[in-house]
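Written below as structure tokens is the structure these notes are about.
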Amino acid sequence: MLDNADEVKKLFTEYQVPIVFSGHIHAQDILGGTTGDPQEVVTSSFAMTDQAYGVITLNEQEITYQRENLSVDEWAQAQGLSNPDLLNYRDYLQDLFLKDSQAMTYSSAYRTGDFAGTELTAAADLVAELNWNFFTGHDLYTADEKAAIQNSAEYQFLSSRSDFLPSYLDSLMTDTTSDLEISIPLSKK
Ligand SMILES: [Ca+2]
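Numbering-wise (my numbering), the sequence shown opens with residue -3 and increments by one.
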């Protein structure tokens, strides 16, 4: 965290730093600035779903970043391991994350004393899905997709019961460019 981020950004722009790589927030994101500003690439946490890392390629013409995923499943299979969680590690980590996200909805319902059954479960699934998409950088929605989510029964259910959750979901759907890859042409001196 920087409390003088604006000053630092000015320096990056002045010295033509084309791209900045960081982490910490555990959410995959690529934040593009206006032309001439540095692009910021944040790679999500390697320890959690979906175990991503970035591959950077640099040559005289361009610098590229591409998000890739580790496959523990294949490794465990090649090692002849029998632990089902390791053999299905991708699903295992995703399941942990989704359950954690669903819990956010359930604890909100608990606070308001509202324990609707299947509607609550479906709404918790929507929160979990959008949360997973956000943290793994798969949160690029078309206007139609976004409208469909906001018009869905699950979203409407949350809107009638919570101030926080609908606005939280909206905040997970603001991207307009890919979080997974970027290519920046390098100008010749
Ligand atoms: Ca994003």
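Glycine residues also receive a C-beta, built at the ideal position from the N, C-alpha and C atoms.
Residue i in three-state terms, based on DSSP
i: Thr138; result: coil
i: Glu125; result: helix
i: Gln12; result: coil
i: Phe160; result: helix
i: Ser18; result: strand
Alpha carbon of residue i to alpha carbon of residue j, nearest angstrom
i: Ala119; j: Thr39; result: 28 Å
i: Gly19; j: Ile26; result: 11 Å
i: Glu58; j: Ser167; result: 32 Å
i: Val123; j: Ser183; result: 42 Å
i: Thr53; j: Leu176; result: 14 Å
i: Ala147; j: Leu165; result: Per the sequence shown, residue 147 should be read as Asn rather than Ala. Computed Cα separation, rounded: 12 Å.
i: Asp121; j: Glu3; result: 41 Å
i: Leu94; j: Ile178; result: 28 Å
i: Gln88; j: Val68; result: The question names Gln, yet the displayed sequence has Tyr at residue 88. If you take the alpha carbons of Tyr88 and Val68, they lie about 11 Å apart.
i: Thr117; j: Met(-3); result: 36 Å
9 Å Cβ cutoff met for residue i and residue j
i: Gln35; j: Pro14; result: yes
i: Leu82; j: Ala72; result: yes
i: Leu66; j: Thr101; result: no
i: Leu136; j: Thr173; result: yes
8 Å Cβ shell around residue i - same chain, five flanking residues per side excluded
i: Gly50; result: Phe17, Val37, Thr39, Tyr61, Gln62, Arg63 and Glu64
i: Trp128; result: Thr45, Gln90, Phe93, Leu94, Ser97 and His134
i: Ser156; result: none
i: Asp33; result: Lys5, Phe8 and Thr9
i: Lys22; result: The sequence shown places His at residue 22, not Lys. Answer for His22: Ser40, Ser41, Met44 and Phe131, listed in chain order.
Span of the alpha helix (DSSP H) around residue i
i: Leu54; result: Note, Leu54: premise wrong, no alpha helix (DSSP H); beta strand (DSSP E) at Ala48 to Leu54.
i: Asp25; result: No alpha helix (DSSP H) holds Asp25; the beta strand (DSSP E) holding it covers Asp25 to Leu27.
i: Gln62; result: Where Gln62 is concerned, there is no enclosing alpha helix (DSSP H), although the beta strand (DSSP E) it sits in stretches over Glu58 to Asn65.
i: Met100; result: Tyr85 to Thr108
i: Ser78; result: Where Ser78 is concerned, there is no enclosing alpha helix (DSSP H), given that its DSSP letter is neither H nor E.
CB contact below 9 Å: residue i versus chain B
i: Leu66; result: Looking for chain B here will not work: only one protein chain is present.
Residues of its chain near residue i, where Cβ-Cβ distance is below 7 Å and the 5 sequence neighbours each way are ignored
i: Ile180; result: Pro14, Ile15, Gln35, Glu58 and Ile59
i: Asn84; result: Asp69
Residues near residue i in its chain [Cβ-Cβ closer than 6 Å; skip 5 each side]
i: Gly133; result: Gln24, Asp175 and Leu176
Range of the contiguous beta strand (DSSP E) that encloses residue i
i: Pro181; result: Glu177 to Pro181
i: Gln35; result: Gln35 to Val38
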